[in-house]
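> The structure is given below, and queries will be raised subsequently.
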Amino acid sequence: MELLLDTANVEEIKKYCDLYEIKGVTTNPTILSSAKGGFFELFWSIKKIIQDRQLHIQVTAVNWEDMIKEAEAITASLGKDVYIKVPVDEQGIKAMKELKHMQYHVTATAVYTIQQAMLASTVGADYVAPYFNRMNNLNIDSKKVIGDIVTLFDKDNSPTKVLAASFKNTQQVLDSLTVGAHAVTVPGAILSQMVSNSLIDGAVEAFRADWVRTYGNKMIHEL
Ligand code: G3P
């Protein structure tokens with residue numbers, strides 16, 4: 004199970020890479036629109052924090068030739084280990100096919116259908132990123148789509164992994180993983196919600212109170 008962060012916020016990346024076991028960071032142009040700093044400056048800062056964790060950066064061009072040029076510019080500045088995110092339309096499929104021939108890491112994104120995932124896998128995408136919440140908003144059964152993609156890849160022994168994305172609550176993340184997604188990319192706030200509720204807080208407080216009543220304010224290593 005791989006856990007990635009879906010953000011370009013440097014402070015958020017620092018915090019969650021420190022607290023959690025984070026496999027990498029994913030971004031897209033919308034995420035970048037709310038981050039501070041120039042494109043390359045921002046990614047240099049992110050790279051410094053995440054070190055050898057994965058970094059997924061999306062191309063913005065609409066034709067495959069320019070997508071390749073963008074990928075070359077990204078990797079010239081940030082290293083060939085960057086995952087190039089490419090939206091799955093016809094130009095994107097061609098771009099991914101070329102990028103894989105050129106030995107790039109590729110993440111197929113903006114996936115709403117099993118058909119997109121299937122085509123991305125045939126051109127060798129390393130990951131496909133189905134958009135859980137956005138599918139829900141369109142009355143598409145996100146769990147079924149993600150489960151079907153996993154089943155298809157398993158049947159085909161495809162090395163392409165499913166990196167579920169677009170989450171607005173913790174249940175959507177768990178729903179993706181229980182139907183077999185290999186990886187999820189999640190905003191930090193949703194990770195925090197997973198381990199913060201009144202039951203957990205109440206248990207922690209009650210254990211602490213019982214300890215203090217018995218041993219006072221000293222901790223075990225101070226006894
Ligand atoms: O990586 C981007 C994907 O997670 C989309 O998220 O919140 O814009 O639907 P959202």
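Just so you know, we're using our numbering here: the sequence shown kicks off at 4 and counts up by one. Idealized CB from N, CA, C, for every residue including glycine.
1) Just the Cα atoms here: how many angstroms apart are S145 and V153?
2) Cutting at 7 Å between CB atoms, please list the residues of its own chain near A64, excluding the five before and the five after it.
3) Which residue from D84, K83 and Y115 puts its Cα closest to that of D92?
4) Spatial neighbours of G127 within its chain, please: C-beta separation below 6 Å, excluding the five flanking residues on both sides.
5) On the premise that T188 lies in contact with L8, defined as a C-beta separation below 8 Å, what is that separation, rounded to the nearest angstrom?
6) Using DSSP's beta-bridge definition, name the partner residues of H185.
7) Just to confirm, are Y99 and A123 a CB contact at a threshold of 9 Å?
8) Run through DSSP, which three-state label would V109 get?
9) Is S37 near the ligand G3P, going by C-beta to nearest heavy atom under 8 Å?
Well, looking at it:
1) 12 Å
2) M70 and E73
3) Y115
4) K103
5) 7 Å
6) Partner(s): none; H185 has no beta bridge.
7) First, the residue type needs correcting, since residue 99 is Met and not Tyr in the sequence shown. Yes, Cβ-Cβ distance for M99 and A123 is below 9 Å.
8) strand
9) no
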